[in-house]
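Everything below concerns the one structure shown next.
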Amino acid sequence: MSTSTGGQAYTHRTVANIRSDAAQSPIATGQPVPGSPQTPVRGPSSAYGSPSSLRADEETLVVELGTRFIRIGLSGEGTPKATLSSGPAEQRRTGDFTSWLQHVRLDDGTKSPPDERWSSRYENWAPDIRSMDMGLVADKLERAMRDALCNHLLVDSRPRRICLVLPPDLPTPLLSTVLDTLFGRFSAPSVSLASSSVMTAVAAGVRSATVVDIGWMGTTVSSVYEYREIRHTRSTRGGRHLVRQVHKTLTEDADAGGAVDKSSQHVLSFEECEDVAIRSSWTQPMPKPVVGLETALPTVQERNELQAGSAPQDDACMVHYRLSSPDGRSRTAYTHIRRLAEPSEDTFFSPRYSRSSFDDEEMPLPELIYRHLLSLPIDARATCMSRLIFTGGCAKIPGLKQRLLDEVVNLLEIRGWDAVVGRAADAAKARAGSSAIGVVGKGQGMDRASSSGTTVDWGGKDSAASPTTPSDQAQAKKDSNGQSLHGELRVLESLGPWTGASLAIQLKAVAVATVDRELWLQQGIDGASKPNEVEAKSQQRQSLGSGVIRGATGSSTWTLGAWGSY
Numbered sequence: 073m074s075t076s077t078g079g080q081a082y083t084h085r086t087v088a089n090i091r092s093d094a095a096q097s098p099i100a101t102g103q104p105v106p107g108s109p110q111t112p113v114r115g116p117s118s119a120y121g122s123p124s125s126l127r128a129d130e131e132t133l134v135v136e137l138g139t140r141f142i143r144i145g146l147s148g149e150g151t152p153k154a155t156l157s158s159g160p161a162e163q164r165r166t167g168d169f170t171s172w173l174q175h176v177r178l179d180d181g182t183k184s185p186p187d188e189r190w191s192s193r194y195e196n197w198a199p200d201i202r203s204m205d206m207g208l209v210a211d212k213l214e215r216a217m218r219d220a221l222c223n224h225l226l227v228d229s230r231p232r233r234i235c236l237v238l239p240p241d242l243p244t245p246l247l248s249t250v251l252d253t254l255f256g257r258f259s260a261p262s263v264s265l266a267s268s269s270v271m272t273a274v275a276a277g278v279r280s281a282t283v284v285d286i287g288w289m290g291t292t293v294s295s296v297y298e299y300r301e302i303r304h305t306r307s308t309r310g311g312r313h314l315v316r317q318v319h320k321t322l323t324e325d326a327d328a329g330g331a332v333d334k335s336s337q338h339v340l341s342f343e344e345c346e347d348v349a350i351r352s353s354w355t356q357p358m359p360k361p362v363v364g365l366e367t368a369l370p371t372v373q374e375r376n377e378l379q380a381g382s383a384p385q386d387d388a389c390m391v392h393y394r395l396s397s398p399d400g401r402s403r404t405a406y407t408h409i410r411r412l413a414e415p416s417e418d419t420f421f422s423p424r425y426s427r428s429s430f431d432d433e434e435m436p437l438p439e440l441i442y443r444h445l446l447s448l449p450i451d452a453r454a455t456c457m458s459r460l461i462f463t464g465g466c467a468k469i470p471g472l473k474q475r476l477l478d479e480v481v482n483l484l485e486i487r488g489w490d491a492v493v494g495r496a497a498d499a500a501k502a503r504a505g506s507s508a509i510g511v512v513g514k515g516q517g518m519d520r521a522s523s524s525g526t527t528v529d530w531g532g533k534d535s536a537a538s539p540t541t542p543s544d545q546a547q548a549k550k551d552s553n554g555q556s557l558h559g560e561l562r563v564l565e566s567l568g569p570w571t572g573a574s575l576a577i578q579l580k581a582v583a584v585a586t587v588d589r590e591l592w593l594q595q596g597i598d599g600a601s602k603p604n605e606v607e608a609k610s611q612q613r614q615s616l617g618s619g620v621i622r623g624a625t626g627s628s629t630w631t632l633g634a635w636g637s638y
């Protein structure tokens with residue numbers, strides 16, 4: 073194609089005029105070009121950025137704090153990304169390889185007899201905080217959080233909102249240490265507090281429930297009514313007591329079998345007892361009540377004499393364990409499978425002792441659940457007793473849930489819903505029964521009147537008019553399907569408190585209490601108000617956002633929920 077030399081020279085074809093023409097173009101100077109579409113010039117907005125930035129702004133870390141474990145993950149997920157434990161192996165420093173030496177495990181303090189310090193090295197914290205180093209608790213939490221963020225969640229260290237799932241009986245000084253760690257070392261903009269019992273009910277899909285948390289330090293029974301915790305009782309019977317009973321049982325069997333050298337005074341370590349408690353503990357079913365002797369002789373079934381003479385061998389029911397010894401050799405101890413059910417029996421039930429021999433804080437679990445339900449109001453009891461949820465690490469012991477349910481049903485059949493028990497109460501009931509004979513006579517007269525053909529209408533549901541129109545029938549069917557079970561004991565399954573908190577955060581549910589970082593750094597835990605001191609209307613206005621409230625009213629009232637009420 074030929075080019076015309078006499079024609080007009082185009083600007084975009086001249087290389088020397090590109091820079092000068094671009095500087096004088098109408099688009100660069102901001103002047104509108106005639107006859108061309110115009111777009112207003114504005115700065116880039118973050119809302120039109122990458123979707124990953126939106127995800128980073130909305131994601132919330134869900135942290136569940138337990139005595140032995142810390143579960144961490146992102147909201148909206150079904151299971152936590154990391155479940156971290158605290159032990160001597162996790163607390164060693166960088167370059168410390170003493171855990172691979174054979175003689176170290178015998179000198180680390182775990183071979184001492186079980187006492188209060190036997191399992192303290194494997195715990196994050198304890199309810200008794202009088203002799204606890206809070207700085208060590210903060211360091212354990214920080215190390216677990218950083219390990220989870222870097223190795224399991226694989227996210228950066230930018231500040232994120234955190235939802236704490238806490239047990240209802242967490243001490244206030246320990247909560248202050250946890251919040252100081254999250255605000256000071258991780259720069260969390262806000263921390264939401266959620267109760268583990270309420271989140272367990274959320275994970276089960278119910279609004280009201282009785283949550284029995286069989287944990288490490290003890291057992292906690294909490295009643296949740298319409299997402300509010302109304303009653304809380306506890307017992308010291310838990311996983312720590314179970315491990316001690318396992319230690320006692322294995323030591324007796326090892327001494328009887330000669331697997332342990334008594335001259336060396338060797339006992340089992342904490343790891344060995346915990347492993348046996350996790351893998352081999354089980355619970356026997358409730359013993360059947362003794363039936364009176366029959367008047368006639370029972371029928372004997374015929375069977376082969378050869379089969380009857382051969383008794384089952386007990387060797388098939390024997391379980392052997394390899395135990396470590398001070399000289400570096402492993403020895404084998406044998407125990408019967410029925411002996412492995414005794415630790416669970418003595419820990420959670422204690423059938424050999426009477427009720428009067430227990431303190432209020434060491435009640436067996438069936439008695440604890442029964443008294444807890446007895447202390448509830450009638451309407452809350454009817455709703456919560458039909459939604460019994462067992463959770464915690466020890467709730468996974470085979471046969472424990474069914475045994476607890478059978479024991480509670482047995483207590484209800486014997487005592488009923490009467491808080492007064494004893495011989496005096498039985499005598500009073502007998503006198504009341506004898507004085508009610510006249511009332512029974514009146515009832516017989518009413519029966520005669522009804523048998524003579526007189527019909528009495530008490531205004532119940534049967535006397536109501538039956539639905540005739542299709543809309544009335546549909547409404548009646550809907551009402552019958554919507555009726556919930558009341559007044560009967562029933563066990564429900566739950567996905568756990570962490571999953572419930574993850575679901576609640578994903579659904580934008582309002583937390584029990586939310587602590588802002590700025591207010592915490594300014595006031596600390598002393599700035600928290602009691603829940604009954606906060607005005608209800610100001611709490612309702614928190615849906616507008618904490619910054620809007622502070623800018624409009626200047627109020628900085630905040631609470632710690634149920635953890636700041638005592």
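Numbering-wise (the numbering used here), the sequence shown opens with residue 73 and increments by one. For each residue, glycine too, the CB sits at the ideal point set by N, CA and C.
Kindly list the residues whose CB is nearer than 8 Å to the CB of Thr455, restricted to its own chain and excluding five residues on each side of it in sequence; keep chain order.
Ser280, Tyr297, Ser556 and His558
Throw me the rounded Cβ distance for the Ser307 and Thr291 pair, which I believe falls under 8 Å.
5 Å
Cβ-Cβ separation, Leu238 to Ser268 (assumed contact under 8 Å), whole Å
6 Å
Taking just the CA atoms, how far does Ala634 sit from Trp592?
18 Å
Return yes when the Cβ of Thr272 is within less than 8 Å of the Cβ of Gly465, no when it is not.
no
What's the gap between the Cα of Lys473 and the Cα of Leu448?
22 Å
Going straight from the alpha carbon of Leu476 to that of Val293, what length do you get?
13 Å
Under 6 Å Cβ to Cβ from Thr305, same chain only, skipping five residues before and after it: list those, please.
Val293 and His444
DSSP bridge partner residues for Gly145 (one or two, in chain order)
Val134
Give the secondary structure of Leu472 by DSSP, where H, G and I count as helix, E and B as strand, and everything else as coil.
helix
Between the C-alpha atoms of Asn223 and Arg233, what's the straight-line distance to the nearest angstrom?
19 Å
Quick one: measure Cβ to Cβ for Leu314 and Thr407, integer angstroms, because I've assumed they're closer than 8 Å.
Wrong, their Cβ atoms sit about 16 Å apart, outside the cutoff.
On the criterion of 16 or more Cβ atoms from any shown chain inside 10 Å, does Ile392 qualify as buried, or is it exposed?
Strictly speaking, residue 392 in this sequence is His, with Ile absent from that position. Burial call: exposed.
DSSP state of Thr155 mapped onto helix, strand, coil:
strand
Measure the C-alpha to C-alpha separation of Gly277 and Ser566 and round it to an integer number of angstroms.
8 Å
Contact the region 241 to 256 vs the region 210 to 228: 3+ CB pairs below 8 Å
yes
Straight-line Cα distance separating Gly145 from Leu41:
Because the chain spans 73 through 638 in this model, residue 41 falls outside it and cannot be assessed.
Only counting the same chain, and skipping five residues up and downstream in sequence, which positions put a Cβ closer than 6 Å to that of Pro470?
Trp354
Ser268 lies in the alpha helix (DSSP H); which residues open and close that run?
Ser268 to Ala276
Helix, strand or coil at Val584 [DSSP, three-state]:
coil
Beta-carbon proximity check, Ser262 vs Thr629, cutoff 8 Å:
no
Straight-line gap, Glu324 to Arg411 (C-alpha atoms, nearest Å)
11 Å
Take Val493 and list the residues in its own chain whose beta-carbon comes closer than 8 Å to its own, dropping the five residues that flank it on each side.
Arg487
Per DSSP, Glu298 forms a beta bridge with which residues?
The partner list for Glu298 (beta bridge, DSSP) is empty, contrary to what the question assumes.
Using DSSP with H/G/I as helix, E/B as strand and the rest coil, what is Met390?
strand
Suppose you measure from the CA of Lys360 to the CA of Trp197; what does that come to, to the nearest Å?
41 Å
Spatial neighbours of Leu632 within its chain, please: CB distance less than 8 Å, with the 5 preceding and 5 following residues excluded, ordered by chain position.
Thr244, Leu247, Leu265, Ala585, Val587, Ile597 and Ala600
Give the DSSP bridge partners of Ser601, in chain order.
Thr631
Can you give me the Cβ contacts of Gly148 inside the same chain, cut-off strictly under 7 Å, excluding the 5 residues immediately before and after it?
Ser574 and Gln578
Buried/exposed call for Asp205, threshold 16 Cβ in 10 Å
exposed
Nonlocal neighbours in the same chain, by C-beta distance under 6 Å from Val480, ignoring five residues either side
Pro438, Ile441 and Tyr442
Nearest neighbour of Val209, chosen from Cys235, Glu433 and Ser157 [CA to CA]
Ser157
For Thr419, the first and last residue of its enclosing alpha helix (DSSP H):
Glu414 to Phe420
Top-ranked residue by Cα proximity to Gly572, from Thr151, Ile142 and Thr139:
Thr151
Proximity to Leu460 [Cα-Cα], best of Phe169, Ala413, Val270 and Leu225:
Val270
Helix, strand or coil at Arg306 [DSSP, three-state]
strand
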